[in-house]
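Everything on this sheet refers to the single structure shown next.
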Amino acid sequence: MRQDFLSFALTLVSITGRLVIGTPVMRDAVIDDSVVLNYALTLEHLENAFYSGALAKFDEAAFKRAGLPAYARGRFQEIAAHEQAHVNLLSEALGSLATSPCTYNFSYTDVKSFAAFSELLEGVGVSAYIGAAQSITNKAYLTVAASILSTEARHASWVAAAVNKFGGWSGAFDVPLDFNQVYSIAASVIAACPSTNPVLPVRAFPNLTLSNIKPGGNADIKIENLVANGSSVDPTFVVFLTGLEKIFVPVHDGKVIVPAGLSGQVYVVATNSSTDANDSTILAGPAILEFERDSHGHMAN
Numbered sequence: 001m002r003q004d005f006l007s008f009a010l011t012l013v014s015i016t017g018r019l020v021i022g023t024p025v026m027r028d029a030v031i032d033d034s035v036v037l038n039y040a041l042t043l044e045h046l047e048n049a050f051y052s053g054a055l056a057k058f059d060e061a062a063f064k065r066a067g068l069p070a071y072a073r074g075r076f077q078e079i080a081a082h083e084q085a086h087v088n089l090l091s092e093a094l095g096s097l098a099t100s101p102c103t104y105n106f107s108y109t110d111v112k113s114f115a116a117f118s119e120l121l122e123g124v125g126v127s128a129y130i131g132a133a134q135s136i137t138n139k140a141y142l143t144v145a146a147s148i149l150s151t152e153a154r155h156a157s158w159v160a161a162a163v164n165k166f167g168g169w170s171g172a173f174d175v176p177l178d179f180n181q182v183y184s185i186a187a188s189v190i191a192a193c194p195s196t197n198p199v200l201p202v203r204a205f206p207n208l209t210l211s212n213i214k215p216g217g218n219a220d221i222k223i224e225n226l227v228a229n230g231s232s233v234d235p236t237f238v239v240f241l242t243g244l245e246k247i248f249v250p251v252h253d254g255k256v257i258v259p260a261g262l263s264g265q266v267y268v269v270a271t272n273s274s275t276d277a278n279d280s281t282i283l284a285g286p287a288i289l290e291f292e293r294d295s296h297g298h299m300a301n
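Counted from 1, the sequence shown has number 274 at position 274 by UniProt numbering; the numbering is strictly sequential.
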């Protein structure tokens, strides 16, 4: 497992379980195409700000000092232009209903952590579009979403393989994440949003962290600010989301056995159900884990 990447990823997705100040959200609302498009636009604004801010901060010399390929910054500039194009297209489609960008708190400190953040962020974007696709009714919008999805997947693969020197995919399938799961991750870097933004039917789950992680070994789990039905509860299962599979593992004394065959970017949620991992059963998460394997399936050092 990539311990340095994992530590950064766990820090990145640290979530308090409370809603971000200034972020208009509500529960149990009807999800129509305008909601889905604004949900996508919220993520694209975030990615757009991430890349534009990092490129303004790190020049060619910074990329060179970090040991990245000479062409890396130019490619990141292209990705930044793609994200701006996504923002422009979605904003035009929504017109006066379009959500505005928020202010963000990205925790990268140098080019290396920026590149790690980029790989993680692009992977979440892919999972977000896959999960939202089933809620789109307009076929034209669905085509646009599919086009953006494939581009985000190319971004994720390039950053992982060409820049970070890891596998460009997690397996035969990517993980679909629903609205609340993605928002729980995005909320960790959103500082505040305009009060005039359209209300989105999303909420952030409490923070889930895992430590002492090793495939086949016992990992410690921790949940912050977990309250359900007015009283504190502890999860009985942790669910590993990998590809299209959900692996339910029982929790014993605050520990969970990490499945041995995990590969690539994996999401983890805590539940009190042995069969369901959805908005009604998830207690905390998602946490994001990375398991890097070589081309023979062996864990990388």
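Beta carbons are placed, not taken as given, at the ideal position from N, Cα and C, and that holds for glycine.
From the options, residue whose alpha carbon lies closest to that of residue i
{"i": "Glu245", "options": "Ser280, Glu78, Asn180, Asp174", "result": "Asp174"}
{"i": "Leu120", "options": "Ile288, His298, Met299", "result": "Ile288"}
{"i": "Val87", "options": "Gly131, Tyr71, Leu41", "result": "Leu41"}
{"i": "Gly67", "options": "Asp110, Phe291, Leu94", "result": "Asp110"}
{"i": "Ala172", "options": "Gln84, Gly264, Thr275, Pro69", "result": "Gly264"}
{"i": "Ala153", "options": "Thr275, Glu122, Leu177, Asn278", "result": "Glu122"}
{"i": "Val251", "options": "Phe240, Pro235, Pro259", "result": "Pro235"}
{"i": "Ser274", "options": "Val238, Gly297, Arg293, Val256", "result": "Val238"}
{"i": "Ala133", "options": "Pro206, Phe240, Ser34", "result": "Ser34"}
{"i": "Ala260", "options": "Asp32, Asn278, Asp253, Phe240", "result": "Phe240"}
{"i": "Lys255", "options": "Gln84, Asn212, Trp158", "result": "Asn212"}
{"i": "Arg293", "options": "Ile257, Pro206, Ala160, Ile221", "result": "Ala160"}
{"i": "Pro280", "options": "Val202, Gln84, Met299, Ile257", "result": "With the sequence shown as reference, residue 280 is identified as Ser, and Pro is not the correct amino acid for it. Of Val202, Gln84, Met299, Ile257, the residue nearest in Cα terms is Val202."}
{"i": "Val126", "options": "Trp169, Asp253, Val268", "result": "Trp169"}
{"i": "Ile130", "options": "Phe179, Ile257, Phe63", "result": "Phe179"}
{"i": "Ile221", "options": "Asp253, Asn197, Ala204", "result": "Asp253"}
{"i": "Phe205", "options": "Trp158, Val268, Asn197, Gly297", "result": "Val268"}
Status (buried if at least 16 other CB within 10 Å, exposed otherwise) for residue i
{"i": "Tyr39", "result": "buried"}
{"i": "Val30", "result": "exposed"}
{"i": "Pro69", "result": "exposed"}
{"i": "Arg73", "result": "buried"}
{"i": "Ser295", "result": "exposed"}
{"i": "Glu60", "result": "exposed"}
{"i": "Ser195", "result": "exposed"}
{"i": "Val199", "result": "exposed"}
{"i": "Glu78", "result": "exposed"}
{"i": "Gly167", "result": "buried"}
{"i": "His155", "result": "buried"}
{"i": "Asn278", "result": "exposed"}
6 Å Cβ shell around residue i - same chain, five flanking residues per side excluded
{"i": "Leu208", "result": "Ile223, Ala270, Ala284, Gly285, Ala287"}
{"i": "Phe58", "result": "Val111"}
{"i": "Val189", "result": "Tyr104, Asn105, Phe106"}
Own chain residues within Cβ distance below 7 Å of residue i, not counting five before or after
{"i": "Asn49", "result": "According to the sequence provided, residue 49 is Ala. The question's Asn does not apply to it. Contacts found: Pro101, Tyr104."}
{"i": "Ala128", "result": "Leu43, Leu177, Val182"}
{"i": "Thr11", "result": "Confidence at Thr11 is low in this model, with a pLDDT of 44, below 50, so its placement is unreliable and the value that follows should be read with caution. So the qualifying residues of the chain are Ser107."}
{"i": "Glu83", "result": "Glu44, Glu47, Asn48, Tyr51"}
{"i": "Val258", "result": "Ile213, Lys214, Pro215, Gly216, Gly217, Ala219"}
{"i": "Ser118", "result": "Val159"}
{"i": "Ser157", "result": "Gly168, Trp169"}
Anticipated Cβ contact below 8 Å, residue i with residue j, distance rounded
{"i": "Thr242", "j": "Leu210", "result": "The pair is not a contact, with the Cβ atoms about 14 Å apart (cut-off 8 Å)."}
{"i": "Phe248", "j": "Val266", "result": "Not really, about 14 Å apart at Cβ, beyond 8 Å."}
{"i": "Ala80", "j": "Ser52", "result": "6 Å"}
{"i": "Phe76", "j": "Leu46", "result": "Not a contact, Cβ separation roughly 16 Å."}
{"i": "Leu37", "j": "Leu94", "result": "5 Å"}
{"i": "Val144", "j": "Leu89", "result": "7 Å"}
Cutoff 8 Å; reference residue i; Cβ partners in own chain excluding five residues on either side
{"i": "Ser91", "result": "Leu41, Ala98"}
{"i": "Met299", "result": "Met1, Pro215, Phe291, Glu292, Arg293"}
{"i": "His32", "result": "In the sequence as presented, His is not what sits at residue 32; that position holds Asp. Counting only Cβ-Cβ distances below 8 Å, and skipping sequence neighbours, we find Thr137."}
{"i": "Ala62", "result": "Asp110, Val111"}
{"i": "Tyr71", "result": "none"}
heavy atom of the ligand PLP below 7 Å from residue i C-beta
{"i": "Ser34", "result": "Although the ligand PLP was asked about, the structure shown includes no ligands whatsoever."}
At least three beta-carbon pairs within less than 8 Å, the region 207-220 to the region 145-155: no
Take every Cβ of the region 125-139, pair it with every Cβ of the region 98-107, and state whether three or more of those distances are shorter than 8 Å. no
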